[in-house]
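A.B. asks: The structure follows.
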Amino acid sequence: MCPKLSFLPRVGQVPCISGTIRDMNVAVCVKQIPDPAGELSLDPSTHNLVREGKLVLDDSDSYGVEMALQLVESAGGGDVTLVSMAPNGETSGLRTALAMGATAAVLISDAALAGSDALGTARVLAAAIRRFQPDLVLAATESTDGYTGTTPVQLAELLGWPSVTFAKHVELGEGLVKVRRQTEAGYDEVECPLPAVVTVTAGVVEPRYPSFKGIMAARSKPLDELTIADLGIDPSQLGAAGARQEVVSVEDAAARQSGEIVVDEGDAHERVVAFLERIKVL
Amino acid sequence: MEKIWVLAEQSRGEPSSTALELLAAAGGHASVVEAVSWGEGVAQAAQVLGEHGASKVYDCRGLGSSLPGPRVGAAIASLVEAGGGPDCIFVGQTYDGRDVAGRVSARLDVPLLTNVVGLSSGDEGLVSEHAAFGGSKVVRARFTGAKPEVFVVRAKTFTAAATGGSAAEVVPVELPDTGATDGAKVVGRHEEEQEGPKLDEADVVVSGGRGLGAAENYALVEELAKLLKGAPGASRAIVDAGWVPYSHQVGQTGKTVKPSLYIACGISGATQHMVGMKGAKNIIAVNKDESAPIFSIADLGIVGDVHKVLPKLIDAIRARS
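For the protein sequence lines, the chains are V and W, in the order given.
Each residue of the first sequence is one higher than the one before, counting from 1 in this note's numbering.
Each residue of the second sequence is one higher than the one before, counting from 1 in this note's numbering.
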C-alpha cells in the first residue's frame with residue numbers, strides 16, 4: 001500500500017515513490033443484476049430473467065472492484081476500468097462501483113445482447129477489453145443471478161491469456177500476479193504472467209463502502225457506452241440465437257414439507273438428541 | 001446416442017466420486033462411454049473407471065506445474081477436431097472442471113450448460129435440469145445443434161454404479177501447444193489438515209451462518225460436526241464476511257450436499273443456500289427467528305439461540321460417548 005495515494009483525489013495519476021512496481025491497469029468485469037432481495041421472475045415467452053427496473057451491482061463483483069483498487073494502489077498507479085454488458089443501457093450498478101473508486105466504465109449495451117449465454121458474453125467482453133489492453137482482468141467466480149461460472153475462463157481463452165480461478169489472495173510481483181487458488185484440499189500458490197484473467201472468491205477483501213465524496217465524483221467519471229457495431233462483432237453470435245441453447249420448460253419444484261417446530265425453553269437439545277437417535281446418527 | 005465422454009478427475013490413481021457419478025449417468029444415455037483424465041496415476045485409475053463403464057480413458061498424463069484448464073481443454077479440443085469426438089461431454093462442476101469446460105467451449109466454439117442437476121433423454125437429445133430461484137423452480141434446457149454438447153454437472157446429481165466392466169484401455173494423448181494460455185504455474189501446494197469426511201461426500205453436514213454472531217463461534221459448528229463424524233459447512237453470508245473459506249460454502253454458489261443429516265445453525269435459509277442442501281434426507285434447523293425460511297424445509301426446527309442450544313447439544317452428545 002502506498003500511503004501517499006490516500007491523499008490523491010483519483011488513484012493512479014501520480015506514481016508512488018516507494019514500492020513502485022509500475023503502473024497497473026486493471027479491468028474488472030462487473031454485472032448489474034436485478035436486486036436479489038426483490039421478486040425475481042422469468043419472462044414467460046423468452047424464459048430470460050426479467051431485467052426491467054433498477055439493477056444493482058452484483059455483490060460478488062464488489063470483491064473484484066476492491067481487489068483492483070488495492071492492486072493499483074500497491075502498484076503505485078494505474079486505472080481501474082469497469083467492463084459490463086447490459087441489454088438496456090442500465091448504469092446504476094456501474095455508478096456504485098465508480099463511487100467505490102474505479103476510474104472509468106465501459107458499458108456494452110445493445111438490444112441484440114438479450115438472451116446471450118456465457119460464451120456470447122465472453123465474446124463481447126473480449127472485444128471491449130482488446131480495445132484498451134489492461135494488464136489484468138478481474139472477475140467474480142460467478143454471478144449471483146445466472147451463476148454459470150465459466151465466462152471468465154472463456155474470456156481468457158478468447159484473449160489467448162492464462163487464467164487463475166478461485167483466487168482467495170492476490171498480490172503483484174514483477175510482471176506477474178501471485179495467487180492463492182482455492183482447491184478441494186486447501187490452496188495452490190500460483191504465479192501467473194500478465195496479462196491474465198483472475199477470478200476472486202467472496203471474502204478475499206473487504207469491499208469499501210462508497211463515500212459521499214465518492215458518490216459525487218462518480219457522477220462525472222467517464223462512462224463509455226458501446227454497441228455491438230462499435231465492437232465489430234457479428235450479432236448472429238450473440239443474443240438468444242447465438243446461445244444455441246433453449247429453455248424447454250419452467251416448472252415449480254417439488255416442495256419439501258416442514259416438520260415439527262419447537263421453541264427452546266432450555267431443553268431443545270434433548271429433542272435434537274432424540275431425533276438423532278431416531279435416525280440412527282447416534 | 002453413440003458416444004459420451006466424461007471428464008474424470010482423479011488423484012493418486014483414485015477417481016473422484018463425481019467422475020464415477022458422471023460415468024453412471026453417461027451409461028444411461030450412450031452406447032459408448034469414454035473418460036478423459038490427467039495427472040499421475042491415470043493408468044491405475046483406469047481399473048475403477050472401467051469397472052464403472054468407461055471403455056477407454058484418454059490420458060493427458062502429469063501436467064507438471066500447469067493448471068489443468070488450458071492444457072486438458074486444448075487436448076480435448078484437438079481430439080474432437082481430429083474426428084471421432086463424442087456427442088456429449090459430461091464435466092463435474094468443480095474448480096478444475098469449470099476451467100476445462102470454459103477452455104473447451106471457447107476453443108471449439110460450443111456453448112455450455114452448467115449447474116446441471118438432472119438429465120433426461122428427449123426427442124431431440126438430452127434435456128438438462130437446473131435449479132432456479134433457490135430451487136423453487138426447475139428449468140429444463142437443451143442445446144439446439146452445436147456439438148459436442150457440454151454439460152457441467154453438479155456433484156451428487158447421480159449415483160455411482162459399477163457396471164462390471166474391466167479396466168479401461170489407456171490411450172495416451174499428446175498435449176497440443178497452448179502458448180500463453182498455459183502461463184500460470186503452481187509453485188506450491190498447501191493441503192489444509194482435514195479431519196473427517198469431505199463436505200460434499202459427508203453423511204452428516206453441520207453448517208453455520210450469520211446467526212453465530214462472530215467468526216470464533218464457528219468452532220461450535222466444527223465441534224458438533226466432528227462429534228457426529230460429519231463435515232462443517234457454511235452459508236454464503238459468513239464466507240463473504242471472511243469467517244471461513246469458500247471451500248466450506250453450501251449453496252447455489254458453493255457446494256451441493258446430499259447428506260443423511262443436515263444441521264443448519266444460525267442460518268436463515270436464503271434461497272441461494274437452500275438450493276444446495278434441500279436434498280438432504282433429514283434437516284434440523286436452529287435459529288432464533290421463528291419466521292426464518294429454513295424452518296419451512298426442516299424436519300425438526302428449534303426456535304432458539306444457537307449460543308445456548310449448541311453447547312448443550314455438544315455436551316449431551318459428548319456425555320454419551
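All C-beta atoms, glycine included, are put in the ideal place defined by N, C-alpha and C.
(1) Judging by CA-CA distance, which residue of K3/W, G233/W, K255/W is the nearest neighbour of G27/W?
(2) Taking the beta strand (DSSP E) that E169/W belongs to, which residues open and close that run?
(3) Would you be able to state if there are at least three C-beta pairs under 8 Å between the segment 224 to 244 of chain V and the segment 263 to 278 of chain W?
(4) Please list the partners that A101/W has in chain V, where partner means a Cβ-to-Cβ separation under 7 Å.
(5) Are the CB atoms of L108/W and P148/W within a distance shorter than 9 Å?
(6) Buried or exposed for N25/V, going by 16 or more other Cβ atoms inside 10 Å?
(7) Which residue comes first and which comes last in the beta strand (DSSP E) that contains R273/W?
(8) For A139/V versus C29/V, is the C-beta spacing smaller than 9 Å?
(9) What does DSSP give as the partner residues of W5/W in its beta bridges?
(10) At the level of alpha carbons, what is the spacing between L313/W and A254/V?
(11) Measure from the C-beta of L282/V to each C-beta in chain W and report whether the shortest distance is under 9 Å.
(12) Grab the span of the beta strand (DSSP E) containing T114/W for me, first residue to last.
(13) Using only the alpha-carbon positions, how far apart do P207/V and L71/V sit?
(14) Starting from P357/V, trace the beta strand (DSSP E) in both directions and tell me its first and last residue.
(15) For M67/V, name the three-state secondary structure that DSSP assigns.
(16) Buried or exposed: which applies to T148/V, given that a residue is buried once 16 or more other Cβ atoms fall within 10 Å of its Cβ?
(17) Determine the burial state of H367/W: buried for a count of at least 16 other Cβ atoms within 10 Å of its Cβ, exposed for fewer.
(18) Going by Cα to Cα distance, which pick from K308/W, R236/W, D123/W is closest to M277/W?
(19) For P15/V, I'd like the list of residues in its chain whose CB is within less than 8 Å of its CB, leaving aside the five on either flank, ordered along the chain.
(20) Compare the C-alpha of E124/W against each of D264/V, V263/V, V248/V and name the closest.
(21) Between T201/V and Y246/W, how many whole angstroms is the CB-CB distance? I'm expecting something under 8 Å.
(22) Which whole-angstrom value is the C-beta distance of L175/W and C60/W, which I expect to be below 8 Å?
(23) Just to confirm the assignment, what range does the beta strand (DSSP E) spanning F158/W have?
(24) Do you know how far the Cα of A101/W is from the Cα of V152/W?
(25) With T144/W and V116/W assumed to form a contact (beta carbons below 8 Å), what rounded beta-carbon distance in angstroms separates them?
(26) Using a beta-carbon distance cut-off of less than 8 Å, what residues from the segment 192 to 204 of chain W approach chain V?
(27) Hey, G93/V and Q154/V are a contact pair by Cβ (cut 8 Å); roughly how many whole angstroms apart?
(28) Unbroken alpha helix (DSSP H) runs of length 4 or more, entirely within the segment 30 to 112 of chain V: which are they?
(29) Give the C-beta separation of G39/W and S17/W to the nearest angstrom, bearing in mind that I take them to be a contact with Cβ-Cβ under 8 Å.
(30) Give the residues of chain V in contact with G242/W, contact being defined as C-beta atoms less than 9 Å apart.
(31) Judging by CA-CA distance, which residue of K288/W, S296/W, V286/W is the nearest neighbour of G259/V?
(32) DSSP three-state call for E14/W: helix, strand or coil?
(33) Going by DSSP in three states, H52/W sits in which element: helix, strand or coil?
(34) In chain order, what residues of the segment 231 to 246 of chain V put their CB closer than 8 Å to some CB of chain W?
(35) State the DSSP-derived secondary structure class of A126/V, mapped to helix, strand or coil.
(36) Count the other CB atoms, across all protein chains shown, that sit within 10 Å of the CB of M100/V; report buried if there are 16 or more and exposed otherwise.
C.D. replies: Taking the structure as given:
(1) Mapped onto the second sequence, residue 27/W falls at position 27. Here the closest residue by C-alpha is K3/W.
(2) Residue mapping note: residue 169/W aligns to position 169 of the second sequence, counting from 1. Taken as a continuous stretch (DSSP letters only), the beta strand (DSSP E) holding E169/W covers 169 to 172.
(3) no
(4) By 1-based counting over the second sequence, the position of residue 101/W is 101. Per Cβ cutoff of 7 Å: T150.
(5) Start at 1 with the first residue of the second sequence, and residue 148/W comes out as number 148. Start at 1 with the first residue of the second sequence, and residue 108/W comes out as number 108. One thing to note: P148/W has its Cβ within 9 Å of the Cβ of L108/W.
(6) What you label residue 25/V is simply residue 25 of the first sequence in a count that begins at 1. Classification of N25/V: buried, given that the 10 Å Cβ count is 16 or more.
(7) Your numbering for residue 273/W matches position 273 in the second sequence. With the sequence shown as reference, residue 273/W is identified as His, and Arg is not the correct amino acid for it. Premise fails: H273/W lies in the alpha helix (DSSP H), 271 to 274, not in any beta strand (DSSP E).
(8) For the purposes of this step, residue 139/V is taken as residue 139 along the first sequence, with counting starting at 1. For the purposes of this step, residue 29/V is taken as residue 29 along the first sequence, with counting starting at 1. Yes. Within cutoff.
(9) Your numbering for residue 5/W matches position 5 in the second sequence. In the DSSP output, where bridge partners are listed per residue, W5/W has E34/W, I89/W.
(10) Position 313 of the second sequence, counted from the first residue, corresponds to residue 313/W. Position 254 of the first sequence, counted from the first residue, corresponds to residue 254/V. Distance between the alpha carbons of L313/W and A254/V: 32 Å.
(11) To locate residue 282/V, count along the first sequence from 1; it is residue 282. Taking Cβ atoms only, chain W reaches closer than 9 Å to L282/V, which makes this a yes.
(12) Taking the second sequence and counting its residues from 1, the one referred to as residue 114/W is at position 114. Here the beta strand (DSSP E) through T114/W covers 112 to 122.
(13) Taking the first sequence and counting its residues from 1, one reaches residue 207/V at position 207. Taking the first sequence and counting its residues from 1, one reaches residue 71/V at position 71. When rounded, the distance between both Cα atoms is 13 Å.
(14) With chain V covering 1 to 282 only, the question about residue 357/V has no answer from this structure.
(15) Within the first sequence, residue 67/V is the residue found at index 67, counting from 1. Of the three classes helix, strand and coil, the one that applies to M67/V here is helix, per DSSP.
(16) Reading the first sequence from its first residue, position 148 is the one you call residue 148/V. When all chains shown are included, T148/V counts as buried.
(17) Because chain W is modelled from 1 through 321, residue 367/W falls outside the range shown and cannot be assessed.
(18) One-based indexing of the second sequence puts residue 277/W at position 277. Among K308/W, R236/W, D123/W, the Cα nearest to that of M277/W belongs to R236/W.
(19) Indexing the first sequence from 1 puts residue 15/V at position 15. Note that P15/V scores 38 on pLDDT, short of 50, meaning its location in the model is unreliable and no value can be drawn from it.
(20) Walking along the second sequence from the start, residue 124/W turns up at place 124. The option with the nearest alpha carbon to E124/W is V248/V.
(21) Along the first sequence, read from residue 1 onward, the residue named residue 201/V stands at position 201. Along the second sequence, read from residue 1 onward, the residue named residue 246/W stands at position 246. Right, their Cβ atoms sit about 4 Å apart.
(22) Within the second sequence, the letter at position 175 stands for residue 175/W. Within the second sequence, the letter at position 60 stands for residue 60/W. With 8 Å as the limit, L175/W and C60/W qualify as a contact, their Cβ atoms being about 6 Å apart.
(23) On the second sequence, residue 158/W is found 158 positions in, with the first residue counted as 1. Neither: F158/W is in no beta strand (DSSP E) and is coded neither H nor E.
(24) Residue numbering aside, residue 152/W sits at position 152 when the second sequence is read from its first letter. Residue numbering aside, residue 101/W sits at position 101 when the second sequence is read from its first letter. About 7 Å.
(25) Sequence index remark: in the second sequence, residue 144/W carries index 144 (1-based). Sequence index remark: in the second sequence, residue 116/W carries index 116 (1-based). About 17 Å separates the two Cβ atoms, so there is no contact after all.
(26) Only E192, Q194, K198, V204 from the segment 192 to 204 of chain W bring a Cβ to less than 8 Å from some Cβ of chain V.
(27) Counting from 1 along the first sequence, the entry for residue 93/V is found at position 93. Counting from 1 along the first sequence, the entry for residue 154/V is found at position 154. Incorrect: roughly 22 Å between the Cβ atoms, too far for contact.
(28) 59 to 75, 92 to 100
(29) Residue numbering aside, residue 39/W sits at position 39 when the second sequence is read from its first letter. Residue numbering aside, residue 17/W sits at position 17 when the second sequence is read from its first letter. Contact flag wrong, Cβ pair sits at about 16 Å.
(30) Counting from 1 along the second sequence, the entry for residue 242/W is found at position 242. Per Cβ cutoff of 9 Å: A202, G203, V204, V205, E206.
(31) Here residue 259/V refers to the residue found at position 259 when the first sequence is read from its first residue. Per the Cα distances, S296/W.
(32) Locating residue 14/W in the second sequence gives position 14, where the first residue counts as 1. Strand at E14/W.
(33) In the second sequence, the residue the question calls residue 52/W occupies position 52. Residue state, collapsed to three classes: coil.
(34) A243, R244, Q245, E246
(35) Looking up residue 126/V in the first sequence gives position 126. Three-state result, A126/V: helix.
(36) Against the first sequence, residue 100/V aligns to sequence position 100. Buried.
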